[in-house]
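Have a look at the structure below, then the notes.
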Amino acid sequence: MSNAMKKSHIFTPGSTADTLRSIYDTFFEDRVTVYAAQASFFVVISAVPFFSLLFAILGIFMPADVTVLFRSVRDLVPTPLLNAIAELITELRDIPSLSLLSLSAFTTLWSASRGISAIRNGLRTVYGIPRKRGFFRNRLASLIYTLAFIVMVLAVVVILLFGDFLYGMLTEKLRLSSTLLDAAFRFRTPIFIVLISLVFNTMYYAIARRNEQLRKNFFRHLPGALLAAIGWNVFSSLYSLYITHFPSSLSLYGGLTAICLIMLWLYFCMIILLGGAEVNKILFLKINNRI
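Residue 4 is where the sequence shown starts when you use my numbering, and the numbers rise one by one after that.
As structure tokens, then:
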């Protein structure tokens with residue numbers, strides 16, 4: 004195993020307090036909060052140019068009520084934050100798209116790739132993967148991941164925009180049962196958690212596979228991925244309740260309230276994401292100790 008993981012705490016059977024203390028120590032040794040803060044900052048910075056780029060590409064198809072685009076992520080993003088993002092998107096829609104296209108594309112790729120790079124560096128640190136690539140290769144890899152993420156988001160937006168058309172095609176032309184589709188929509192939260200878990204699992208595996216002892220099984224990273232997806236969902240629900248029932252405590256930020264709330268939410272979500280990798284590392288270490 005890599006030197007970084009050898010230096011981490013070895014989790015031996017003991018009291019629950021000792022185990023939790025070890026988890027706490029290794030959590031901060033891996034600087035999870037630092038990488039989470041860096042990632043959340045650059046994600047927020049990339050949000051405005053990203054939505055500008057989105058409107059420049061798909062603006063003609065955008066609905067008057069942009070909240071329809073967020074129906075599939077309501078369980079992962081607090082509703083008050085979605086409303087703030089929708090208001091921002093509505094303002095961006097009135098800006099001429101052609102004049103912002105090139106600038107938005109450049110700014111989005113630069114800032115979003117920095118956020119992706121922070122997540123990758125955080126996962127590398129957690130899994131003890133040394134950084135062998137040079138600066139330019141790392142930046143290129145982050146740009147590729149960012150482009151893939153943008154393509155995925157565009158695909159989701161297209162599905163949301165043409166959802167009614169796709170629903171009719173699935174039920175009429177492909178003769179799929181409308182009851183089955185309605186049931187899938189009714190249970191969208193667990194389905195979405197499973198999908199997000201697979202995305203997180205893929206992210207963990209893509210980084211951990213550079214360690215020979217961690218790349219043996221793709222689904223070995225599923226426990227941490229599932230825990231992170233559930234934690235993301237639960238935290239977003241609690242965060243939404245807090246914003247809804249204690250709005251007076253947020254007046255301190257004034258006009259920056261929406262940005263601060265989004266950044267805080269992203270910060271803790273990034274901690275949860277990296278925390279899932281920490282859970283996987285703990286399981287790996289325990290299994291190796293038993294062997």
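Glycine is no exception: its CB is placed at the ideal position from the N, C-alpha and C atoms.
None of these values were measured; they are calculated from a predicted model.
Helix, strand or coil at G234 [DSSP, three-state]: helix
Going by beta carbon distance, what residues of the same chain come within less than 7 Å of R117, once the five residues before and after it are set aside? F45
What is the rounded straight-line gap between the Cα of A115 and the Cα of D33? 22 Å
Quick check on L244: buried or exposed, where buried means 16 or more other Cβ atoms within 10 Å of its Cβ? exposed
Between the Cα of Y148 and the Cα atoms of Y27, I210, P133, which residue gives the shortest distance? I210
Own chain, CB closer than 6 Å to N204, minus 5 neighbours either side, in chain order: H224, L225, A228
Three-state secondary structure (DSSP) at I147? helix
Say yes only if the C-beta of F44 is nearer than 6 Å to one or more non-hydrogen atoms of the ligand GTP, and no if none qualify. This structure simply doesn't include the ligand GTP, nor any ligand for that matter.
In chain order, what residues of the same chain have a beta carbon less than 6 Å from the beta carbon of P83, not counting five sequence neighbours either side? I246
Nearest CA to the CA of G234: which residue from G278, G131, L267? G278
Three-state secondary structure assigned by DSSP to P133: coil
Quick one: using the 10 Å Cβ neighbour count with 16 as the cut-off for buried, is E90 buried or exposed? exposed
Identify whether L225 lies in helix, strand or coil by the three-state DSSP scheme. helix
So Y207 and A280 are supposed to be a Cβ contact under 8 Å. How far apart are they, rounded? 6 Å
Let me make sure I understand the geometry here. Which of M266, L259, V197 has the alpha-carbon closest to that of P81? M266
CB of A151 within 7 Å of CB of S200, strictly: no
Taking 7 Å as the limit between beta carbons, can you name the residues of its chain near I196, skipping five residues before and five after? A232, I233, N236
Please classify P83: does DSSP put it in a helix, a strand, or coil? helix
For I122, which residues from the same chain have a beta carbon less than 8 Å from its beta carbon, with the 5 sequence-adjacent residues on both sides left out? Y38, A42, M206, M273, L276, L277
Between the alpha carbons of F31 and H248, how many angstroms are there, rounded? 32 Å
Assuming the contact rule is C-beta atoms closer than 8 Å, V134 and R127 should be a hit. Round their C-beta distance to whole Å, please. The residue asked about is misnamed: residue 134 is Arg in this sequence, not Val. Indeed they touch by this definition, with Cβ atoms about 6 Å apart.
Spatial distance of F238 from W268 (CA atoms): 9 Å
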